[in-house]
Amino acid sequence: MGAKLRVYKRRIRSVTATKKITRAMEMIAASRVVKAQRKVAASTPYASELTRAVTAVATGSNTQHPLTTEAENPTRAALLLVTSDRGLAGGYSANVIKAAEQLTERLKAEGKEVDAYIVGRKGVSYYSFRERKIVESWTGFTDSPAYGDAKAIAAPLIEAVQKDTAEGGVDELHIVYTEFISMMTQTALDDRLLPLSLDKAVAESEATGEILPLFDFEPSAEDVLDALLPRYVESRIYNALLQAAASKHAATRRAMKSATDNAEELIKSLSRLANEARQAEITQEISEIVGGASALADATAGSD
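To get my numbering, take the position in the sequence shown, counting from 1, and add 102.
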């Protein structure tokens, strides 16, 4: 019985050490998600205003540009998948990968080939394990992305959009990431960055009561769109990276809190079992003492 008590105590010490780790990770994630929220709040207005500016230029001119012009028969699409470099975040990466798989199936059903561009080790591992082709990948910064990371990601994507499909270019650019809604809610979604859906952009502006500005183009609308194209893609990707980082930290905080709560419940359960084992051991020792005393008393009575 003593051996059983030692096993329970050893398990309690092990689970207690695990609880300290998960509690610390929960606190770290909570502090990081606050910083990530601030970055999201700071970057979203810029991305939104730049989208409005691009929409205004496109609707105010008849220029044919890759930023706004739909291909007659699109045959190839680029998919940028934003995952995490690390785990311990519940179903965060699994949910966004599932959304990417659904988008891929939809694009293939439309007769389009899909070129995969991956951000984060989780997405790279998922595609590599299944021996799927990855055009380009980026890792090591998903917890705290910088604008330079967005520029590095945007560069090959913009180049692919500007190329002809016969030369390895694409007709469309899609991004799949996790949108941060609140500390408790993060949603995996897909969005088409290029070509920009003008009807959708105009409808969003009207829904918010905003009026698209009017511009005079110098030297031309095409040159303006050429200048806005990289900034538009970079800003949207940067905002998506920040949204994904905030979502990942929130998911980590939630997962670590759940792990800490489970550890506490397990410690309580093990403590009860340890107490029962100790009580059983004490009861057995008392029984042995009483039995020995009775036997001694009987032996003494017999000798008399």
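Backbone N, C-alpha and C fix where the C-beta goes; we use that ideal spot for every residue, glycine too.
Beta-bridge partners of His276 (DSSP): Leu181 and Arg294.
Taking every protein chain shown into account, the CB of Thr354 has 16 or more other CB atoms within 10 angstroms, so this residue is buried. Nearest to Thr177 by C-alpha distance, out of Asp217, Glu151, Val159 and Tyr340, is Asp217. Selection Glu238, Lys111, Ala179 and Pro297 evaluated against Ala268 yields Ala179 as nearest (Cα-Cα). The beta carbon of Ala138 is closer than 7 angstroms to those of Leu344, Ala347, Ala348 and His351 in its chain, skipping five residues each way along the sequence. Below 8 angstroms, too few C-beta pairs join the segment 250-259 and the segment 205-213 to call them touching: fewer than three. Counting the other Cβ atoms within 10 Å of the Cβ of Gln288 gives 16 or more, which makes it buried. Counting C-beta pairs closer than 8 angstroms gives three or more between the segment 152-161 and the segment 322-330, which meets the contact rule. Under the DSSP definition of a beta bridge, Tyr219 partners with Leu182 and Glu238. Residue Val184 holds the alpha-carbon nearest to the alpha-carbon of Lys200 among Ala379, Arg294, Glu212 and Val184. DSSP, read as helix, strand or coil, puts Phe243 in coil. Per the coordinates, the alpha-carbon of Val278 lies some 10 angstroms from the alpha-carbon of Asn197. In summary, Arg140 is exposed, with fewer than 16 beta-carbon neighbours lying within 10 Å of its beta-carbon over all protein chains present.
In this structure Thr146 is not in contact with Asn377, their Cβ atoms being roughly 54 angstroms apart against a cut-off of 8 angstroms.
Beta-bridge annotation (DSSP): Phe282 is paired with Gln288. Burial of Ser337 is indicated by the presence of at least 16 other C-beta atoms within 10 angstroms of its C-beta.
Contact between the segment 111-127 and the segment 358-367 is present: 3 or more CB-CB pairs across the two stretches fall below 8 angstroms. Arg232 carries a coil assignment under DSSP once its states are collapsed to helix, strand and coil. Assignment of Pro176 by DSSP, reduced to helix, strand and coil, places it in the coil class. Taking a 10 Å sphere around the C-beta of Ile283, we find fewer than 16 other C-beta atoms and assign the residue as exposed. Excluding its 5 nearest sequence neighbours in each direction, Lys265 has C-beta neighbours in its own chain below 7 angstroms: Gly271, listed in chain order.
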